[in-house]
Amino acid sequence: MKDGTKEDYLLLEEMEKPYLALTPDRVLDELRRQGETTLEGYKITRLTHGLQAATRAEAEGADIDWVVGALLHDIGDGLAPQNHDRFSAEVIRPFVRWEVAWTVEHHGIFQMLYYGHHYGWDRNARDQFRDHPCFDTCAAFCERWDQSSFDPDYPARPLAHFEPMVRQVYSRKAYDPAVLQEGVVTGLPPL
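Structural data, given as structure tokens:
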């Protein structure tokens with residue numbers, strides 16, 4: 001790499017554009033794979049869980065960043081089950097608001113409130129983030145959209161409904177400061 005010229009790297013940048021344009025296809029393919037098997041120990045698939053969370057977000061009037069964030073908040077579960085939250089956040093981070101990416105990145109530790117004590121873990125481990133500006137948002141995300149989305153009878157919208165949103169989010173310029181809005185916290189829509 002160190003011997004590459006500016007012209008070499010401009011050529012590579014140009015050649016990479018078609019691959020980058022297919023990112024939403026790869027994301028959607030991964031979601032479809034998550035629908036092929038039931039989530040171990042649960043009555044639904046990983047895809048169904050994401051669809052339920054996204055459906056709940058949309059039904060509450062959440063904007064596209066929150067809906068796509070809810071849909072993809074566990075996309076990393078297949079490859080990185082021990083740190084799926086951070087993995088999932090990296091999948092969306094270049095394309096959504098900072099607040100959404102932070103929430104997805106930390107939802108795993110916030111979810112421990114509901115079950116950590118059953119494993120002898122600190123169910124209040126999330127309190128280490130108590131002073132973070134996204135604390136309340138992440139707690140609300142987990143309460144309203146994540147922990148409640150394991151219901152085999154919940155009428156979630158199909159992936160086809162969310163596909164245009166995924167494509168729209170991934171068509172944004174990566175790391176655009178106008179999209180990321182670093183440090184801005186708007187929270188979830190009011191109930």
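In the working numbering, the protein residues as written are 1 to 191.
From the three backbone atoms N, C-alpha and C, an ideal C-beta is built for every residue, glycine too.
Limits of the unbroken alpha helix (DSSP H) element including residue i
i	result
Glu6	The sequence shown places Lys at residue 6, rather than the Glu named in the question. Counting along the chain, the alpha helix (DSSP H) containing Lys6 begins and ends at 6-21.
Ala139	135-141
Val67	64-72
Glu90	84-92
Arg167	159-170
Trp102	98-115
Cβ neighbours of residue i in the same chain (closer than 6 Å, five flanking residues each side left out)
i	result
Ser149	His49, Gln52, Ala53
Pro152	Lys43, Ile44
Arg33	none
Leu47	Leu31, Gln34, Gly35
Leu113	Arg123
Inter-residue Cα distance where the pair is residue i and residue j
i	j	result
Ala57	Val67	6 Å
Phe1	Ser171	Note on residue identity: the sequence assigns Met, not Phe, to residue 1. Taking the straight line joining both Cα atoms gives about 28 Å.
Val184	Asp136	13 Å
Ile109	Arg126	6 Å
Gln168	Cys138	24 Å
Arg157	Asp25	19 Å
Glu14	Phe141	39 Å
Asp29	Pro18	17 Å
Val91	Leu72	8 Å
Glu40	Gly78	11 Å
Tyr119	Asp3	52 Å
Beta-carbon contacts of residue i that lie in its chain and below 8 Å, excluding the five residues immediately before and after
i	result
His38	It should be pointed out that residue 38 corresponds to Thr in this sequence rather than to His. Cβ neighbours of Thr38 beyond the five flanking positions: Ile44, Thr45.
Ala62	Ala70, Leu188, Pro189
Buried/exposed call for residue i, threshold 16 Cβ in 10 Å
i	result
Trp204	Beyond the ends of the chain as shown, which are 1 and 191, falls residue 204; an answer cannot be given.
Asp259	Absent from the model: residue 259. The displayed extent of the chain is 1 to 191, so no value can be given.
Gly76	buried
Ala178	exposed
Glu105	buried
Thr5	exposed
Same chain only: Cβ atoms within 7 Å of residue i, ignoring 5 sequence neighbours per side
i	result
Pro215	Nothing in the structure corresponds to residue 215, since the chain is present only between 1 and 191.
Leu180	Arg97, Trp98
Arg182	Checking the sequence shown, residue 182 turns out to be Glu, not Arg. Contacts found: Trp98.
Asp131	none
Opposing strand residues paired with residue i [DSSP bridges]
i	result
Thr38	Thr45
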